[in-house]
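The sequence shown begins at 53 in the working numbering and counts up by one.
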Amino acid sequence: MDKIFICDLRINPIIGLYPGERIHRQGLLVNVEIGLDLQMASRSDDLSHTVNYAEIEERIVALADASEFLLIERLAGAIGALVLEYTRVQTVKVRIEKPRAARHARAIAVELNFTR
């Protein structure tokens with residue numbers, strides 16, 4: 053399966069289980085792997101044969117800005133559902149990193165997989 057990657061998208065939602073985490077927006081890194089057939093787009097040079105990754109990026113940022121989820125798992129689920137709204141998409145992998153979430157690790161991350 054062909055893939056489109058959105059790499060290290062920086063978002064700043066209000067997120068966290070503990071009250072102290074919810075005072076300020078937190079910087080997260082999002083990576084999205086979108087599985088779909090890109091063969092027609094590779095031959096036609098026509099956007100209608102793929103998905104507009106700039107639009108998806110903007111929608112993810114807007115979702116994050118408007119959200120106040122407790123868990124990064126929930127945010128990853130919402131992003132996966134958003135990407136699956138595009139009918140050409142067959143699979144989605146969403147990885148979210150939360151820097152400084154653990155005392156002795158660079159980041160804590162979750163990765164969720166979705167299939168149509």
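Don't be surprised by glycine CBs; every beta carbon is placed ideally from N, CA and C.
Proximal residues to residue i (C-beta, below 6 Å), its chain only, five neighbours per side dropped
{"i": "LEU80", "result": "ILE63, ILE148, LYS150"}
{"i": "GLY87", "result": "MET53, LYS55, GLN142, THR143"}
{"i": "LEU69", "result": "LEU122"}
{"i": "ARG140", "result": "LEU88, VAL103"}
Where the beta strand (DSSP E) through residue i begins and ends
{"i": "LEU61", "result": "54 to 63"}
{"i": "GLY87", "result": "80 to 88"}
Residue i: first and last residue of the uninterrupted alpha helix (DSSP H) it sits in
{"i": "GLU107", "result": "105 to 118"}
{"i": "LEU134", "result": "124 to 136"}
{"i": "SER94", "result": "91 to 96"}
Buried/exposed call for residue i, threshold 16 Cβ in 10 Å
{"i": "ILE124", "result": "buried"}
{"i": "ILE71", "result": "Note on residue identity: the sequence assigns Pro, not Ile, to residue 71. Exposed, because fewer than 16 other Cβ atoms sit within 10 Å of the Cβ of PRO71."}
{"i": "ALA128", "result": "buried"}
{"i": "ILE67", "result": "buried"}
{"i": "PHE114", "result": "It is worth fixing the name first, because residue 114 is Ala in this sequence and not Phe. It counts as exposed."}
{"i": "ALA118", "result": "exposed"}
{"i": "ALA106", "result": "exposed"}
DSSP beta-bridge partners of residue i
{"i": "LEU164", "result": "VAL146"}
{"i": "PRO151", "result": "ALA159"}
Chain-order list of residues whose beta-carbon lies under 7 Å from that of residue i (same chain, five-residue window excluded)
{"i": "ALA159", "result": "GLU149, LYS150, PRO151, ALA153"}
Chain-order list of residues whose beta-carbon lies under 8 Å from that of residue i (same chain, five-residue window excluded)
{"i": "CYS59", "result": "ASN83"}
{"i": "ILE108", "result": "ILE58, VAL84, ILE86, LEU134, VAL135, TYR138"}
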